[in-house]
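To start, the structure itself, in structure tokens.
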Amino acid sequence: MITSVAAAFLLTSCSSNNAPVASLVPGGFSVNSKAVYLRGEMNDYEVSESYRLRKDDEDTYCTVATLRADWAPYKFKFADADWTDGSNFGYRNPPGVLHEGSAPIELSSNSKFEEVSFYPKSDGVYRFCLIKNGSSFYASVQKTSHRSLLSMSQLMKLSRAN
């Protein structure tokens, strides 16, 4: 654990500008030593470990949320607990809309009020991902293979596994 924290500190200390420096620290995804979460209407914009982004593959960090189609659209962002510039990811260009099956959209790490809107086709568990591609970040949302709505404890277990 100390090695991971030291590596995260080293990575953030080497940054000479305000560009986000991504690092993986124990428990999930962080930018500039701040944990990043899914924050939106599906969780009342709260910071919760069950919605913390976790490594999915090399440059993709994800979490899951249970959604109902009749409550769409769901507005969301990826952000740290303080909505800090550099780790406050909202859409880069309007309209900032994702539909089920649509291509990822580019995000700005310094957004203010630019929430992404997502329209699920059906009730279910959806995987929200932040994708790093070079110095750019993208958002994608896909329905998971789970057929029924999960309880909060099941969501937390699924989120930890990812």
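With mature numbering (1 follows the signal peptide of the UniProt record, and there is no 0) as the guide, the letters of the sequence shown map in order to residues -18 to -1, 1 to 144.
Just so it is clear, CB atoms sit at the ideal spot from N, CA and C, and this is done for glycine as well.
query	result
Give every residue of the same chain whose Cβ lies closer than 6 Å to the Cβ of Asn70, excluding the five residues on either side of it in the sequence, and list them in chain order.	Ala61 and Ser93
What does Lys125 pair with, by DSSP beta-bridge criteria?	Tyr108
Where Ala83 and Lys125 are concerned, what is the direct C-alpha to C-alpha distance, given to the nearest angstrom?	Inspection of the sequence shows that residue 83 is occupied by Gly rather than by Ala. In a straight line, the C-alpha of Gly83 is about 9 Å away from that of Lys125.
Please classify Ser118 as buried or exposed, where buried requires at least 16 other C-beta atoms within 10 Å of its C-beta.	exposed
Measure the alpha-carbon distance for Tyr56 versus Leu20 and round it to whole angstroms.	12 Å
What residue from Met24, Asp39 and Ser15 has the CA that sits closest to Pro102's CA?	Met24
Determine the extent of the beta strand (DSSP E) in which Tyr43 is found, giving its start and end residues.	Thr42 to Leu49
If we ignore side chains and look at the alpha-carbon of each, how far apart do Gly22 and Asn75 end up?	19 Å
Within 10 angstroms of its Cβ, does Ala121 collect 16 or more other Cβ (buried), or is it exposed?	buried
Measure the beta-carbon distance from Asn115 to Asp41 and round it to whole angstroms, keeping in mind my assumption that it falls under 8 Å.	7 Å
Take Pro86 and list the residues in its own chain whose beta-carbon comes closer than 7 Å to its own, dropping the five residues that flank it on each side.	Ile113, Tyr120, Ala121 and Ser122
By Cβ distance below 6 Å, which residues in the same chain neighbour Arg50 in space, the five residues on each side in sequence not counted?	Asp105
Is the beta carbon of Phe11 sitting closer than 7 Å to the one on Leu35?	yes
For Arg34, list the residues DSSP reports as bridge partners.	Tyr19
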